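In the working numbering, the protein residues as written are 562 to 788.
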């Protein structure tokens, strides 16, 4: 998927506006994980998430299946916020960062997922197979992922209907949820899995790390409220 000149100019304008806004009003960061403890998170029944070598990772049989009950969730709700973290993936990877999830028992259909996967070196961009995508809704502007085993830096901004994602210094997502007006359909007419239009999703919810039965590592996680 190639970006039009209009889309590229829009992303460039977003980067300038975002930088100016953060410089004028520096955020007050709250650390969610600094390398030792998971006291700001809630676990599923299998307690699959552990801390190893200063990073959050999974310790389970890697079956590639989705373990909805074993996501790692923040204890607090977040509405408008910045989320910053680092992650790395192996060759075979499948995970996600969930935003504003309304129902932790049904995250796949009540949360918005930033895709975490190994798309390193791929030229094609997709809504599901490229790191940084908003899963099943919007492909990133470019594939900015580093090679498996290397740490990636991610920044997510959620403010009202606007969601932006910056991966390794590149703005890859500029999304306006208000454009997603139809159930099971994206603005460009392609289908998605959601039985409810994204414009009607909760604007406040939990931040979560997905357990999809594959190895993944996260570290240096912090959040800043914007509301």
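Where is the CB? At the ideal position from N, CA and C, for every residue including glycine.
This one's a predicted model, so the numbers in the text were calculated from it and none came from an experiment.
Query: Helix or strand or just coil, what does DSSP make of residue 681?; Result: coil
Query: May I ask you to verify whether the region 648-660 touches the region 698-712, counting CB pairs closer than 8 Å and requiring at least 3?; Result: yes
Query: Is residue 629 helix, strand or coil by DSSP?; Result: helix
Query: Excluding the 5 residues preceding and the 5 following residue 683 in the sequence, name in chain order all residues of the same chain whose CB lies nearer than 8 Å to its CB.; Result: 690, 691 and 704
Query: If you scan the region 586-645 from start to end, which runs of the beta strand (DSSP E) of 3 or more residues do you find wholly inside it?; Result: 590-594, 610-613, 616-619 and 633-635
Query: Could you say which of 634, 656 and 641 lies nearest to residue 778 if we only look at CA atoms?; Result: 656
Query: Count the other CB atoms, across all protein chains shown, that sit within 10 Å of the CB of residue 608; report buried if there are 16 or more and exposed otherwise.; Result: exposed
Query: Excluding five sequence neighbours on each side, which residues of the same chain lie with their C-beta closer than 7 Å to the C-beta of residue 681?; Result: 706, 707, 708 and 709
Query: Are the region 594-606 and the region 735-749 touching by the rule of at least three beta carbon pairs closer than 8 Å?; Result: no
Query: When you compare the region 750-760 with the region 612-624, are there three or more beta-carbon pairs, one atom per stretch, that lie closer than 8 Å?; Result: no
Query: Quick check on residue 650: does DSSP put it in helix, strand or coil?; Result: coil
Query: Could you name the residues of the same chain whose beta carbon sits closer than 6 Å to that of residue 773, not counting the 5 residues immediately before and after it, in chain order?; Result: 627, 655 and 656
Query: Looking at the structure shown, is residue 737 part of a helix, part of a strand, or coil, going by DSSP?; Result: strand
Query: Which residues bound the alpha helix (DSSP H) around residue 670?; Result: 668-671
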